[in-house]
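Report on the following structure.
There are 2 protein chains.
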Amino acid sequence: MQKMKELILENGTYLGSGILKVDSFINHQVDPSFMMECGEEFTRLFSFVNATRILTAEISGIAPAITTGLAMGVPVVFARKSKPITMPDQVYLTIAPSHTKGINVELIVSPEYLCKGERVLIIDDFLASGSTIMGLVRLIQAAGAKLVGIGALIEKDFEGGRALLSPLGVPIESLACITHMDAEGIILKE
Amino acid sequence: MQKMKELILENGTYLGSGILKVDSFINHQVDPSFMMECGEEFTRLFSFVNATRILTAEISGIAPAITTGLAMGVPVVFARKSKPITMPDQVYLTIAPSHTKGINVELIVSPEYLCKGERVLIIDDFLASGSTIMGLVRLIQAAGAKLVGIGALIEKDFEGGRALLSPLGVPIESLACITHMDAEGIILKE
């Protein structure tokens, strides 16, 4: 997606240690109309998977998941990272290491909103090592639902996430793919 | 807003201790098209305030803030509850007690995305005691920006948030207002 590539090159900042700062358009500030364009692009890319539900992880996955759900006309569930008191005692819970935070995070979904028979599309902000998305996949499997696709706003090609997720046999799409980052700059896949 | 009232009465569950469970349409699962209707309603209610920016608090404020920003055509900033490594060292930070979590939470905004001269509309999921929203107000004041309105999907009339925020002198709007909750049921303002 051309606009995502331009935003990364114009406003993304490489902070070292594999960290890309895109706070101005994804992780802290969001332009809702651009995020809607992303949702429409995911809808086009996944038009053939017949998703009945979108699953994302709080926090920064929520905006693209909502706009994709809006474009597709399907509900969105966001996995929580701490169990709210409103959740039932029995939940689907998995642990995923967070590269950017350097800690393990919990991903929790209530069985009320992720059910057997659902066709689930995962939408998240980053596809990097793939560990968060693989955590979401485990939640889908635990629920007896079917994973039908994985979409990320930005992919970091060099962190191996696609290789980890490819054996799942579903389409994996990112709106921009970074092949290399260093103090000199950011290089995107054509 | 009639549909919000219906959803609360049909799908909301009172869990005791002043806690309303609305996970099926706000706090865990979201129907994006309904959330878009909420964003359009906030846009109508705040049409005269000329907001240039929407501020919310992660996590459950993000969905209504995004759809309101989409309808209004203004950017959204979500205050973080823990400082990501992508944020600069110098930030606006305030502490707000969370009723539902029983702890104090930090609310953090980067000075990069909340600036002097901005006209800021706060959108959040709940207006209860008002402490989270008052925390967002302090961040706006610290940035030298101007608060122009406060919108919440659901107001709990009996927790005093409106009384706390009214002296700020800006319009306060909620899409449904609960006047009483107990094991017998939920009573909404007409």
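Those protein sequence lines, which keep their order, are chains D and X.
Start counting the first sequence at 112; every next residue gets the next number (the numbering used here).
Start counting the second sequence at 112; every next residue gets the next number (the numbering used here).
For each residue, glycine too, the CB sits at the ideal point set by N, CA and C.
Just so you know, these numbers come straight off a predicted model, no measurement behind them.
Checklist line | Other residues of its chain near I302 (chain X): CB distance less than 8 Å, five sequence neighbours each side excluded | finding: Absent from the model: residue 302 (chain X). The displayed extent of chain X is 112 to 301, so no value can be given.
Check: Nearest CA to the CA of A190 (chain X): which residue from X:A207, X:G184, X:T179?
Finding: Nearest in C-alpha terms to A190 (chain X), of all of X:A207, X:G184, X:T179, is X:A207.
Notebook entry, point to check: Which residues share a DSSP beta bridge with E284 (chain D)?
Noted result: Among the bridge pairs identified by DSSP, E284 (chain D) is matched with D:G262.
Margin query: Taking a contact to mean a Cβ-Cβ separation below 8 Å, would you say I234 (chain X) touches I265 (chain X) in this structure?
Written below: no
Check: chain D partners of T211 (chain X), CB-CB under 9 Å?
Finding: Near T211 (chain X) (Cβ distances below 9 Å), the residues of chain D are P195, I196, T197.
Notebook entry, point to check: Which partner residues does L299 (chain D) have in the DSSP bridge list?
Noted result: Answer by DSSP bridge pairing, in chain order: D:I289.
Checklist line | Extent of the continuous alpha helix (DSSP H) run through I251 (chain D) | finding: Per DSSP, I251 (chain D) belongs to the alpha helix (DSSP H) from 242 to 253.
Check: Hey, T124 (chain X) and K132 (chain X): beta-carbon distance below 8 Å or not?
Finding: Contact flag set, yes.
Notebook entry, point to check: Name the DSSP beta bridge partners of P208 (chain X), please?
Noted result: X:N215
Next item on the list: Taking Y203 (chain D) as the reference, give the member of D:E217, D:T197, D:S209 with the closest Cα.
Entry: Answer by Cα proximity: D:E217.
Notebook entry, point to check: L126 (chain D) touches chain X at which residues, Cβ-Cβ below 8 Å?
Noted result: I196, T197
Notebook entry, point to check: Quick one: does D142 (chain D) have its CB under 8 Å from some CB of chain X?
Noted result: yes
Next item on the list: Please say whether L166 (chain D) and S144 (chain X) have beta carbons closer to each other than 8 Å?
Entry: no
Note to self: Run through chain X and tell me which residues come within less than 8 Å of G255 (chain D), C-beta to C-beta.
What the structure shows: Those within 8 Å of G255 (chain D) in chain X number zero; the least Cβ separation is about 17 Å.
Notebook entry, point to check: Can you list the residues of chain X that M115 (chain D) reaches, using a CB-CB cut of under 9 Å?
Noted result: Those within 9 Å of M115 (chain D) in chain X number zero; the least Cβ separation is about 17 Å.
Note to self: Relative to the C-alpha of I219 (chain D), which candidate in D:L299, D:I244, D:I283 has its C-alpha closest?
What the structure shows: D:I244
Next item on the list: Over the uninterrupted alpha helix (DSSP H) stretch that includes R155 (chain X), give me the two end residues.
Entry: Counting along the chain, the alpha helix (DSSP H) containing R155 (chain X) begins and ends at 143 to 156.
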